[in-house]
Structures are given as structure tokens and as C-alpha cells.
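J.: Pasting in a structure now, in C-alpha cells, and then I'll have a few things to ask.
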Amino acid sequence: MTGRLYGVGLGPGDPSLLTVRAAELIGKADVVAYHSARHGRSIARSIADRYLTGGQIEEKLVYPITVETTDHPGGYRGALDDFYEEASARLAAHLDAGRDVVVLAEGDPLFYGSYQHMHKRLAHRYPTEVVPGVTSVSAAAARLGTALVEAEETLTIIPGTLPEEELTARLASADSAVIMKLGRTFPAVRRALERAGRLADAQYVERAFMDGERTLPLAEVDADSVPYFSVAVLPSKVAPLDAAEPEPDGPGEVVVVGTGPAGPLWLTPEARGALAAATDLVGYTTYLDRVPVRPGQLRHGSDNKVEAERAEFALDLARRGRRVAVVSSGDPGVFAMATAVLEAAGADPYRSVPVRVLPGMTAAHAAASRAGAPLGHDYAVVSLSDRLKPWTVIAERLRAAAAADLVLALYNPGSKSRTTQVGLARDLMLEYRAADTPVVMARDVGGPTERVRTVRLADLDPAQVDMRTLLLIGSSQTRLVQRDDGTEVVWTPRRYPED
Ligand code: SAH
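Structure follows, in C-alpha cells:
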């Protein structure tokens, strides 16, 4: 009979936060193993101390390195792999001899724990039980006394060891977040919080439920004083019961945000963060409906035709100190609200209102990806709507693009009230391009009624085109290719033939 392996969570520090099961198992174990750095002190060992009997074999698993450099031929990874192999072999020897082994783990064993390396190597070979523990995440929230996540909020847990850009993106799009593994990563974490606009919300918890515990706003923390046993917390944004209508803190601004052509998969982390941070959302109702509802946030929906009024309305709110997100689909600078806002912001009384434009994925790129790579070479983007420019100008531009053999991405091709443009554009293009030039008709790309098809230019039927459709008309080089699985792909070679 082999012994049993136990991965035992000890909680964050205070021995009274250990589970009853953990205490029982530690008391009964033949062997108690724990990891430590080369200095040999083990926080896990000290938390478990009062439950040890004194007659047990103690296995110290001493890391050969922690953050320093190594001359191991496999580098840092190689040195650690050797260490884990050797440590698990030591535990296996006890298990083979029939001894029960408890591996102590600060917090929870399966949450960024050293125990995991033993588990991976041993759990399939020996009967194993994992005893969960209170993580530093719960411990920190308890010490702050604020909710971590409420209602529809999501919690993001981030190792501070990620690159700063990655930290920034994760934080920008997070609701609540906990950043682990501070210490020497602290300056980068602080910069990332600042860049994500979240520094003011961030709390710092050091040594929760251990000696020397302290909590303070993260912005007040001296970087040189930060140990590894500390976390940063962005708590729940759901307002407490006694909160009044959210009063804007600091000066207002307008952020023009593109949500991408469809759902959240194509929303950038930056745009998601800006939408969450806004006190007010302004936009066409259809686009506002794509943005998750947040308690306390005001929504000002309107129809799609009053861009200038909407822009002034948003700027007025910002002038009164509100943080306003103007919501567009796709990219806000492509046939959308960014221009209207900047135009209005150029005149009194809005000249001093801060305006930012955040990019989004534009419909042409989403549509192209579904078809293959039709925009792989030079292309032109034209809106077929004659509401804001005369058809003669549109026709001239189509001719110029056709003569230059550019692929064309056509936005706003038609609607219930604009039914002639697609037919006119097709006939005009047929003067320059072959009848079987591929045309991608992409409708509701990324949405629930997505339909993407390729037809011959000569067969382009205006009745099949509506406001949710984008057209991509190939150049003389664009190819339509059948794949073995029966699907078709459209692509434009990057190399153009020489004369
Ligand atoms: N700012 C938006 C474009 C607004 S103009 C962007 O960058 O994508 C509106 C036109 O965009 C529509 O008439 C249609 O041609 C196109 N469009 C937007 N979303 C689309 C989608 N999911 N699928 C196909 N076309 C789309």
C-alpha cells in the first residue's frame, strides 16, 4: 500500500483561517513537506506550526533560485524543472514506503501554488486529495471590507509579472480585478493602472492576515516598500446602498468609442474600459443596445439621423463635468460619430471640452476576414450614401477607383429608401471590370443573422442588399478559389503584375 498525497491549503496567514480538514490532515501526516526560498524560512510552515505534532518527518523543498540568474544549461526554466523533478522524487519515495505526505500550501494549493508542480508529477500515480484554502483574493477583499464582485460583474485575476502592455489591456477592460505577485513588479503595475485610468480606484493590501499587515490606496504606496506578499485590488464598482446619483469627479470629457461591427469579441479592451468608465452613454439606440447596462450609468439613445445634435448634446454634458462616451459601431472615425463630435467641438462654447477618439474594428475588415483576404492589396473605401454628398461625386470616385484597379469596400450601399445606388454602381463598375469579378456581400457580420456570400459582379442584385450589408468588389486580380471542403475563399494577391 502506498501512502496518500495531500495538497493542503492553509489560507492567507492567520492559522485560525485554516479549514478543520486541513488541521486534521496535518496532525495525522507522516511527512509534512513545504517549499521555501534558499533562506529556508517558510511562511507555510509557520502558519501550520501549531498543528504539527513534532514527531513528523519534515521535507524542506528549497528552491535553487527565485528571481536571480542561473548557470543551468536550460536557464531559469531548466533549473526549476530539475528542482521539481527532484522534489517530487523525494515525495514519491515516502509515498512508495507507505507514508502519507501533506504538502503545505499558503492560500489555496491550486491557485498559483508551488504544490501544483508536485500534483502534476504525482497525482496520477498515488491516491491524492486537495484541501482548498482561503486565497489571498478573498483575504484582501475581507480586509478592505468592500465587495469584490456583484451582480453581472466579472473578476479578473492578473499576475503582476505580465508585460506592462498586457497588464494595461487587462486592467482597461476589467470590472473588478486583483493583481497578484507584486514586489518588484510594482512600478509596472502602478503605471498600467494609471494608463488604464484605474489608479484612483486601486487599493493595496499587504500581508493580509499576517503580521505587518497594512492596507492603503495604491497611489500612496512607496514602490520600494512592496513585498511579494501583497496584492492590488480594484473592487466592485456597484455603488453602496447610501450612494447618491454618481457625481462626476474631475473635469468632464467626451470619448468617441467604436464598438466594432458586432458583439464583444470585436470590442477592444480600451473601448470596453471607456464604456464602463463613462457616466453617460450617447448614441444611436441600436448601438447603445450592444453595450452592457451598468447601474448608475445614464443612456441617451436617439435615432441615427441627428448626428450634429447628438454631438452637441454630448459636449454639453461633458461641459457640466460628465464623462460621456459617444458610441458608434465599427470604427468611430469611419462614416460615424467622431467627425461630428470634432466638428461641434471646434466651435464655441465647446472648444475647451476634452475629446478623445478610440479606434474600433471597421466593418470592411470583419467582412473581408470572413471571405478570405480580398483587401490584401490596395483598396478604396467609399460610402454609397448620397445623403451627405451628391451622387455625381460618388460616381466620379467609383470611376477613379475602378480605373486604378483598386478593390472597393462599399459602406452604406442601400436601404429601404435608397434602392438605386447598388445597381448604378454595378453597371458603372462593369464598364471597367469583368462580369465574373468576385463581389463579397457581407450582411450582419459577427451578428446573429450573419450571411456572407460571393457573387459575380454581373449578378449583383440590389434587392439582396440592405443597410446591414457591406460590399467588397474585387479588382482584376482578385481570385475566388474553391477549397477541398467545398468552401470558397476570395483573396487579392499582394503582388501586382508588371506591364
Ligand atoms: N463606423 C462603421 C461604419 C458606419 S456606416 C464602421 O467602421 O464599420 C454603416 C455601414 O457599415 C452599414 O451600412 C454597412 O455597410 C456597414 N456595416 C456596419 N456593421 C456591419 C456588419 N456587422 N456587417 C456588414 N456591414 C456592416
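The working numbering applies: residue 759 is where the sequence shown begins, and numbers increase by one.
The C-beta atom is built at its ideal place from N, Cα and C for all residues, glycine as well.
Model, not experiment: these values are computed from the prediction.
Report all residues from its chain with a CB closer than 6 Å to the CB of V1239; omit the five preceding and five following residues, and keep chain order.
T.: Excluding positions up to five away in sequence, the list reads V1247.
J.: Could you give the residue range of the beta strand (DSSP E) that holds S934?
T.: S934 to M938
J.: Which complete beta strand (DSSP E) runs does the region 1099-1177 hold, if anything under 3 residues is left out?
T.: 1113-1116, 1137-1141 and 1165-1169
J.: Name the DSSP beta bridge partners of P1196, please?
T.: R1214
J.: Have a look at W1024, D807 and I815 and flag the residue whose alpha-carbon is nearest the alpha-carbon of S774.
T.: The shortest Cα separation from S774 among W1024, D807 and I815 belongs to D807.
J.: Among the residues of its own chain, which have a CB less than 7 Å from the CB of A1029, if the five just before and after it don't count?
T.: V1015, G1016, T1017, L1116 and G1118
J.: Here's a check: name, in chain order, each residue in its chain whose Cβ is nearer than 6 Å to the Cβ of Y821, leaving out the five neighbours to either side.
T.: A795
J.: Looking at T914 and A897, is the spacing between their C-beta atoms short of 8 Å?
T.: No, they are not a contact pair.
J.: Is the closest heavy atom of the ligand SAH to the C-beta of T1227 under 7 Å?
T.: yes
J.: Using three-state DSSP, classify G833 as helix, strand or coil.
T.: helix
J.: Just the Cα atoms here: how many angstroms apart are V1140 and R953?
T.: Using only the alpha carbons, I get a separation of about 35 Å.
J.: At a cut-off of 7 Å, is G1204 close to the ligand SAH when judged by its beta-carbon and the heavy atoms of the ligand?
T.: yes
J.: Going by other Cβ atoms of all chains shown within 10 Å of its Cβ, with 16 needed for buried, is S1110 buried or exposed?
T.: exposed
J.: Give the C-beta separation of M938 and V989 to the nearest angstrom, bearing in mind that I take them to be a contact with Cβ-Cβ under 8 Å.
T.: Rounded, the Cβ-Cβ distance is 6 Å, consistent with contact.
J.: Under 7 Å from any heavy atom of the ligand SAH, does the C-beta of T1120 make it?
T.: Relative to the ligand SAH, the nearest heavy atom lies less than 7 Å away from the CB of T1120.
J.: Among Y962, V1099, P985 and V947, which has the Cα closest to the Cα of E1011?
T.: V1099
J.: I'd like to confirm the pairing. Which residues does DSSP put opposite K995 in its beta bridges?
T.: According to DSSP, which records beta bridges pairwise, K995 is partnered with nothing at all.
J.: Rounded to a whole number of angstroms, what is the C-alpha to C-alpha distance between L849 and Y884?
T.: Each residue's CA atom was taken as its position, placing L849 and Y884 some 11 Å apart.
J.: CB A1183 to CB L1164, shorter than 8 Å?
T.: No, these two residues do not count as a Cβ contact at 8 Å.
J.: Taking 7 Å as the cut-off, does the CB of S1086 come closer than this to any heavy atom belonging to the ligand SAH?
T.: yes
J.: Within this structure, are the beta carbons of A802 and L763 separated by less than 8 Å?
T.: no
J.: How about A791 and L819: are their beta carbons less than 8 Å apart?
T.: yes
J.: For the alpha helix (DSSP H) that contains L783, what are its first and last residues?
T.: Segment V778 to K786, the alpha helix (DSSP H) holding L783.
J.: Can you tell me which of L776, V991 and R965 puts its alpha carbon nearest to the alpha carbon of V984?
T.: R965
J.: What do you get for T1207, buried or exposed, if any count of 16 or more other CB atoms within 10 angstroms of its CB means buried?
T.: exposed
J.: Is the Cβ-Cβ distance between G1031 and G1059 less than 8 Å?
T.: no
J.: Counting only the same chain and skipping the five closest in sequence on each side, list residues whose C-beta sits under 8 Å from that of D839.
T.: G832
J.: On the criterion of 16 or more Cβ atoms from any shown chain inside 10 Å, does S894 qualify as buried, or is it exposed?
T.: buried
J.: Any heavy atom of the ligand SAH closer than 7 Å to the CB of P945?
T.: No; taking the cut-off as 7 Å, the Cβ of P945 has no heavy atom of the ligand SAH nearer than that.
J.: Does the beta-carbon of P1117, which I'm using as the reference point, lie nearer than 7 Å to any heavy atom of the ligand SAH?
T.: False, no ligand heavy atom lies under 7 Å from that Cβ.
J.: Indicate whether V991 and A1066 have their beta-carbon atoms separated by less than 8 Å.
T.: no
J.: Restricting to Cα atoms, I'd like to know which of G1232, L976, D1194 and A837 is closest to R949.
T.: L976
J.: Shortest alpha-carbon distance to Y986 belongs to which of P993, V1051 and M968?
T.: The alpha carbon of Y986 has as its nearest neighbour, out of P993, V1051 and M968, the alpha carbon of M968.
J.: For a quick check, are the C-beta atoms of A1125 and L1228 less than 8 Å apart?
T.: yes
J.: Quick one: give me the first and last residue of the alpha helix (DSSP H) that Y1045 is part of.
T.: T1043 to L1046
J.: Over what stretch of residues does the beta strand (DSSP E) that includes S794 continue unbroken?
T.: V789 to S794
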